[in-house]
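Notes to accompany the following structure.
Residue numbers (mature numbering (1 follows the signal peptide of the UniProt record, and there is no 0)): -25 to -1, 1 to 227.
Okay, structure coming up:
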């Protein structure tokens, strides 16, 4: 039986959301609520130190961006989740993108490429050295966009709210540490095709959703005090990789 999400940990944030109050801007970020939309405009640069880029696993340099993401201020939950690659944006204006575009590829010198033929998609947090993630669980894409693959430590404990971002469907994303437990688990045994080896979290397909194994649903969400919310977690999937909202903003 699932343990409920502790409502007291997010009551302050719910008051902010329900009051539709603008959030404080930081590091080139503005967050406004108007006309039924919450809009986050940003230069894409984080408000914390990053690792060195380029690095051995990531050949790209961080570049300033012109990012603007608008999501519904009053999101509605549908009945079926939709898979997404870029599920949201953090309150500091950095894009949240847990998935990668690289698959196991025995023919590549790096052992991974954009060729999906193997069916084994690299999990960034399980292959962090190969993809050059820094200590904020982030790296840089070919455009120079710095983005998060896992929960950045710099966003924890910086305020009295658990809100750390907004999903592309408008529902807020919270971080409450180990109190939120995902229902995704490593599969038992070994991979039946190349690259072989045990299911250790290097690839997305190493995991399976087991209903009721945690207190979150398959999209890392839960209903608290009658309001649906997503959670960033310390374990896979780290951020929601599917969304339940009826209106989903495409975030590039």
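Every residue, glycine too, gets a C-beta built ideally from N, C-alpha and C.
In the structure shown, the three-state DSSP call for residue 103 is helix. When rounded, the separation of the alpha-carbon atoms in residue 203 and residue 38 is 35 Å. Membership of residue 169 in any beta strand (DSSP E) is not indicated, and neither H nor E is assigned to it by DSSP.
Counting only runs of 3 or more residues that sit fully inside the region 106 to 191, the beta strand (DSSP E) segments are 113 to 115, 121 to 123, 138 to 142, 147 to 149, 159 to 161 and 182 to 184, in chain order.
Around the beta carbon of residue 198, a 10 Å sphere encloses fewer than 16 other beta carbons of the protein chains shown; the residue is thus reported as exposed. Sequence-distant Cβ neighbours of residue 26 in its own chain, meaning closer than 7 Å and more than five residues away, are 109 and 110. Less than 8 Å divides the Cβ of residue 160 from the Cβ of residue 185. Within its own chain, the residues whose Cβ lies closer than 8 Å to the Cβ of residue 36, once the five positions on either side in sequence are excluded, are 28, 29, 115 and 119, listed in chain order. Going by DSSP, residue 206 is part of the beta strand (DSSP E) stretching over 202 to 206.
Membership of residue 52 in the beta strand (DSSP E) is indicated by the continuous run 52 to 58. Distance from the CA of residue 201 to the CA of residue 187, rounded to the nearest whole angstrom, comes to 19 Å. Residue 58 places its beta carbon less than 8 Å from that of residue 216. By the CB criterion at 8 Å, residue 71 and residue 44 fall outside the cutoff.
Here residue 223 has 57, 59, 143 and 144 as same chain residues with Cβ atoms under 8 Å from its own Cβ, once five neighbours each way along the sequence are excluded.
Using a 10 angstroms sphere on the CB of residue 164, the tally of other CB atoms stays under 16, which defines it as exposed. For residue 47, the secondary structure class from DSSP, reduced to helix, strand or coil, is strand.
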